[in-house]
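**Q**
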Amino acid sequence: MEANDQRIAEVNVEQVLAESLALLGFSLGERTEDFVRLQRADIPADCGIYFLLRNATPVYALRALTEVPVLIVVHVKNGVDDAQVNSSFGSLGLHALRLRSLAQLDAAALQMLIPPLIGVRAAVQEVASPALESVARDLQTRAEVDPLKVVDFAFTQADTLFEDATARIIAPMFEHVFPLGAAYRGKPVPDGIVVGELGYAGHVRFPVASYDCKSKRDDIFGFEPGEGDQQSRYLRIQERLERDAREFESSGVILFVPDASQADVDERVRKDIWRALVEGKRRLVVVPAKVLKRWWELQGLELPGQLPSILNKSHVWEALLNAALPDPEPVNVNETVKLRD
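Numbering (the working numbering), first residue to last: 11 to 351.
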């Protein structure tokens with residue numbers, strides 16, 4: 011070829027990967043948009059080895075996509091510090107392995123890596139099992155709670171029912187919802203954590219916010235300094251995630267309350283401990299119970315099973331935490347209207 015002769019060829023990455031790994035005894039298994047599973051007969055059932063297909067995706071994103079106890083994520087990302095990832099996410103059973111040559115996928119080397127990972131994961135599960143069992147019971151209970159009664163729960167100090175109904179309502183609205191109240195009753199943690207996913211210029215980040223349900227006998231929630239101090243302590247969870255993994259971003263606090271005065275909100279966020287909650291890009295979002303109920307009613311207007319394909323969760327996050335709502339495209343509006351009664 012001449013020096014200035016340029017040609018473009020489409021390369022099927024999966025085909026090249028399959029042919030190369032076949033020489034090492036691996037085959038390709040289940041696939042998502044971001045990962046493909048590498049299979050071998052000698053890999054234990056409780057360990058999954060996955061190849062990262064897109065550099066824009068964090069290696070730890072796989073932890074949310076599969077329940078396999080131990081995960082090894084093989085990747086070719088130059089900017090990833092495997093030691094840092096393994097330190098931060100090792101307790102979740104995730105291990106990152108940067109691929110510099112196919113020889114690194116030697117079966118013997120992997121076999122030596124898998125048992126220690128399984129051992130660490132088993133130890134973590136043993137310690138966490140009471141909390142995990144509590145979460146399982148909580149999920150079962152939550153399925154029996156009627157979200158249409160969320161306003162009644164909020165105004166009658168029915169704390170657990172208010173938390174359960176809220177978790178059920180917001181579950182389809184965010185990328186990940188982690189209710190913590192039932193598992194850590196009496197501990198200094200919020201009722202839950204919500205995680206979003208936003209992409210900008212090829213970079214994916216995961217904003218995090220804590221949420222708390224404040225069921226009160228009073229009609230109006232009072233923004234007392236003690237309440238603000240409690241939420242400030244809860245922020246440490248977000249701040250640690252932000253510190254340990256650059257892709258996470260502390261975004262603020264969502265309070266679900268019976269009702270609230272706009273004047274009280276405006277006054278409190280300018281002074282006392284409440285002001286610290288909204289430093290930088292963080293926001294304090296106050297959601298009255300009647301709004302929660304309306305969210306549930308709107309979800310019920312969609313045909314069964316259609317909500318996930320209609321609801322853009324990144325738009326929900328932008329609206330709530332960033333006070334921005336992208337203009338809807340006419341074609342999306344038209345498609346949505348067709349699915350309504």
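Ideal Cβ placement from N, Cα and C applies to all residues, glycine included.
Which same chain residues, not among the five before or five after Val-160, have their C-beta less than 6 Å away from its C-beta?
**A** Excluding residues within five positions, the ones whose Cβ falls inside 6 Å are Ala-175, Ala-299, Leu-302, Lys-303.
**Q** Using DSSP's beta-bridge definition, name the partner residues of Gln-49.
**A** Gln-49 is bridged to Ser-37.
**Q** Thinking C-alpha only, which one of Arg-178, Asp-169, Ser-220 is nearest Val-155?
**A** When each option's Cα is compared against that of Val-155, the closest is Arg-178.
**Q** When you compare only the Cα positions, how much space is there between Arg-47 and Tyr-60?
**A** In a straight line, the C-alpha of Arg-47 is about 4 Å away from that of Tyr-60.
**Q** Please report the residue range of the alpha helix (DSSP H) in which Ile-180 lies.
**A** Taken as a continuous stretch (DSSP letters only), the alpha helix (DSSP H) holding Ile-180 covers 169-180.
**Q** Excluding the five sequence neighbours on either side, which residues of its own chain have a C-beta within less than 6 Å of the C-beta of His-105, listed in chain order?
**A** Only Ile-82, Asn-96, Leu-127 meet the Cβ criterion.
**Q** Below 8 Å on the Cβ atoms is my guess for Gly-202 versus Val-187; work out the distance and round it to an integer in Å.
**A** Yes, they are in contact, since the Cβ atoms of Gly-202 and Val-187 sit about 6 Å apart, within 8 Å.
**Q** When burial is assigned at 16 or more other CB atoms within 10 Å of the CB, is Ile-264 buried or exposed?
**A** Result: buried.
**Q** How long is the line joining the alpha carbons of Leu-190 and Gln-248, rounded to whole angstroms?
**A** Roughly 14 Å between the two C-alpha positions.
**Q** Name the two residues that bound the continuous alpha helix (DSSP H) containing Ser-324.
**A** Run containing Ser-324: 323-331, per the alpha helix (DSSP H) assignment.
**Q** Is Ser-220 buried or exposed, if buried means 16 or more other CB atoms sit within 10 Å of its CB?
**A** Its Cβ being crowded by 16 or more others within 10 Å, Ser-220 is buried.
**Q** Going by DSSP in three states, Ser-225 sits in which element: helix, strand or coil?
**A** Looking at Ser-225 - three-state DSSP - the assignment turns out to be coil, as it is neither helix nor strand.
**Q** Whole angstroms is fine: what's the gap from Val-288's alpha carbon to Pro-235's?
**A** Distance between the alpha carbons of Val-288 and Pro-235: 15 Å.
**Q** Would Ser-242 and Ala-181 qualify as a contact pair, given that the criterion is a beta-carbon distance under 9 Å?
**A** Taking 9 Å as the Cβ cut-off, Ser-242 and Ala-181 do not qualify as a contacting pair.
**Q** For the beta strand (DSSP E) containing Ser-80, list its first residue and its last residue.
**A** The sequence as given places Val at residue 80; Ser does not occur at that position. Its beta strand (DSSP E) spans residues 80-85.
**Q** Rounded C-beta distance between Leu-34 and Leu-115? I'm assuming under 8 Å.
**A** The Cβ separation is near 6 Å, so the contact holds.
**Q** Could you tell me which residues DSSP pairs with Glu-259 in its beta bridges?
**A** BP columns for Glu-259 point to Pro-217.
**Q** Can you give the beta carbon distance from Val-296 to Ala-270, rounded, assuming they're within the 8 Å contact cut?
**A** The pair is a contact, with the Cβ atoms about 5 Å apart (cut-off 8 Å).
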